[in-house]
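Asker:
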Amino acid sequence: MTEKLWMVLGVIALLIGGLVAFRGDGGHTLTITSIPNDLTLTLDGRQIPANGDVAVKAGRHTLTGERPGFETYTETVEVHADASYKMYLFADDAEGRAWETAHPDQVLETESDAGRRFDELNGRLEAKYPLLQELPLVGRGFTIDQGVSRAHPGDPEYLAFYIRLTYPEGRKNAHDWLTGHGYNPDDLELIYTVMRGG
Numbered sequence: 001m002t003e004k005l006w007m008v009l010g011v012i013a014l015l016i017g018g019l020v021a022f023r024g025d026g027g028h029t030l031t032i033t034s035i036p037n038d039l040t041l042t043l044d045g046r047q048i049p050a051n052g053d054v055a056v057k058a059g060r061h062t063l064t065g066e067r068p069g070f071e072t073y074t075e076t077v078e079v080h081a082d083a084s085y086k087m088y089l090f091a092d093d094a095e096g097r098a099w100e101t102a103h104p105d106q107v108l109e110t111e112s113d114a115g116r117r118f119d120e121l122n123g124r125l126e127a128k129y130p131l132l133q134e135l136p137l138v139g140r141g142f143t144i145d146q147g148v149s150r151a152h153p154g155d156p157e158y159l160a161f162y163i164r165l166t167y168p169e170g171r172k173n174a175h176d177w178l179t180g181h182g183y184n185p186d187d188l189e190l191i192y193t194v195m196r197g198g
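So the sequence shown is numbered by full-length UniProt numbering: it starts at 1 and just counts up by one.
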């Protein structure tokens with residue numbers, strides 16, 4: 001009896017030790033909320049519940065949500081601690097719009113969160129790129145405006161600055177303006193274009 005008890009205790013200790021080791025080795029909980037709440041959600045290609053807690057290892061993961069009547073959405077997330085994530089899909093045909101009509105409370109939550117995410121993204125971009133507050137800018141022989149990054153296509157956290165040159169000295173003038181206002185051109189993705197006759 002004592003030998004069996006020690007064996008059972010040993011197995012329990014081994015299981016607890018394995019769980020502790022797993023949690024200490026980058027195991028985290030990702031709490032997911034999805035709208036529509038019956039969408040199909042995959043994590044790194046493996047289907048997971050659309051709502052609730054999922055155990056994930058630390059690192060980069062790809063979440064994809066899809067449902068008939070809605071645009072499929074894929075996002076890469078970095079997990080380094082327990083976290084929450086909201087997967088929202090937007091209707092793209094009559095079936096999806098019918099679902100939205102039948103679920104106005106979920107649509108309102110989606111729109112509210114989309115607005116909040118947009119505001120948060122703008123705040124991060126303004127902190128990362130103070131130059132944004134001076135754009136659009138018209139200088140002597142050049143204009144500067146923001147645009148999509150070519151170095152990081154599809155990543156909204158990165159911007160490029162498009163400099164349109166209206167005459168040959170415009171490039172030097174733009175460089176001088178940037179450095180004179182405290183911006184390091186080497187820290188920015190600058191894309192030059194030349195207007196006809198420039």
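Yeah, the Cβ is synthetic: ideal placement off N, Cα and C, and Gly gets one too.
Can you check whether the C-beta of residue 82 is within less than 7 Å of a C-beta belonging to chain D?
Answerer: Looking for chain D here will not work: only one protein chain is present.
Asker: So residue 40 is in the beta strand (DSSP E); what residue range does that whole segment cover?
Answerer: Within the sequence shown, numbered from 1, the residue matching residue 40 stands at position 40. For residue 40, the enclosing beta strand (DSSP E) covers residues 40–43.
Asker: Is the beta carbon of residue 92 closer than 7 Å to that of residue 71?
Answerer: Numbered from 1 along the sequence shown, position 71 holds the residue referred to as residue 71. Numbered from 1 along the sequence shown, position 92 holds the residue referred to as residue 92. Yes; because the gap between Cβ atoms is below 7 Å, this pair is in contact.
Asker: On a Cα-Cα basis, can you pick out the residue from 47, 50, 191, 95 that is closest to residue 69?
Answerer: For this step, residue 69 is matched to residue 69 along the sequence shown. Per the Cα distances, 95.
Asker: What is the C-beta distance between residue 178 and residue 185, in whole angstroms, given that I count them as a contact (C-beta under 8 Å)?
Answerer: Along the sequence shown, one-based indexing puts residue 178 at 178. Along the sequence shown, one-based indexing puts residue 185 at 185. Between residue 185 and residue 178 the Cβ distance is about 5 Å, and since that is below 8 Å, they are a contact.
Asker: Are residue 146 and residue 159 close, meaning C-beta to C-beta below 7 Å?
Answerer: Mapped onto the sequence shown, residue 146 falls at position 146. Mapped onto the sequence shown, residue 159 falls at position 159. Cβ distance < 7 Å, so residue 146 and residue 159 count as in contact.
Asker: Alpha carbon to alpha carbon, what distance is there between residue 127 and residue 22?
Answerer: Along the sequence shown, one-based indexing puts residue 22 at 22. Along the sequence shown, one-based indexing puts residue 127 at 127. Because residue 22 carries a pLDDT of 41, less than 50, the predicted location of this residue cannot be relied on, and no value is offered for it.
Asker: In chain order, what residues of the same chain have a beta carbon less than 6 Å from the beta carbon of residue 141, not counting five sequence neighbours either side?
Answerer: Here residue 141 is taken as the residue at index 141 of the sequence shown, counted from 1. Cβ within range, chain order: 166, 167, 169, 170, 173.
Asker: Spatial neighbours of residue 66 within its chain, please: CB distance less than 7 Å, with the 5 preceding and 5 following residues excluded, ordered by chain position.
Answerer: Indexing the sequence shown from 1 puts residue 66 at position 66. The residues 39, 40, 72, in chain order, have a CB closer than 7 Å to that of residue 66 in the same chain once the five nearest residues on each side in sequence are set aside.
Asker: Report the partner residues of residue 193 according to the DSSP bridge assignment.
Answerer: Residue mapping note: residue 193 aligns to position 193 of the sequence shown, counting from 1. For residue 193, the beta-bridge partners assigned by DSSP are 164.
Asker: According to the Cβ coordinates, are residue 28 and residue 79 closer than 7 Å?
Answerer: Taking the sequence shown and counting its residues from 1, one reaches residue 28 at position 28. Taking the sequence shown and counting its residues from 1, one reaches residue 79 at position 79. Result yes, Cβ atoms of residue 28 and residue 79 sit closer than 7 Å.
Asker: List the whole-angstrom C-beta distance separating residue 51 from residue 33, where the pair is believed to meet the contact cut-off of C-beta under 8 Å.
Answerer: Translated into the one-based positions of the sequence shown, residue 51 becomes position 51. Translated into the one-based positions of the sequence shown, residue 33 becomes position 33. About 6 Å; that satisfies the 8 Å criterion.
Asker: Taking the Cβ atom as the reference point for each residue, do residue 120 and residue 151 lie within a distance shorter than 7 Å?
Answerer: One-based indexing of the sequence shown puts residue 120 at position 120. One-based indexing of the sequence shown puts residue 151 at position 151. For residue 120 and residue 151, no; Cβs fall outside 7 Å.
Asker: In three-state terms, what does DSSP make of residue 55?
Answerer: By 1-based counting over the sequence shown, the position of residue 55 is 55. In this structure, residue 55 counts as strand in the three-state DSSP scheme.
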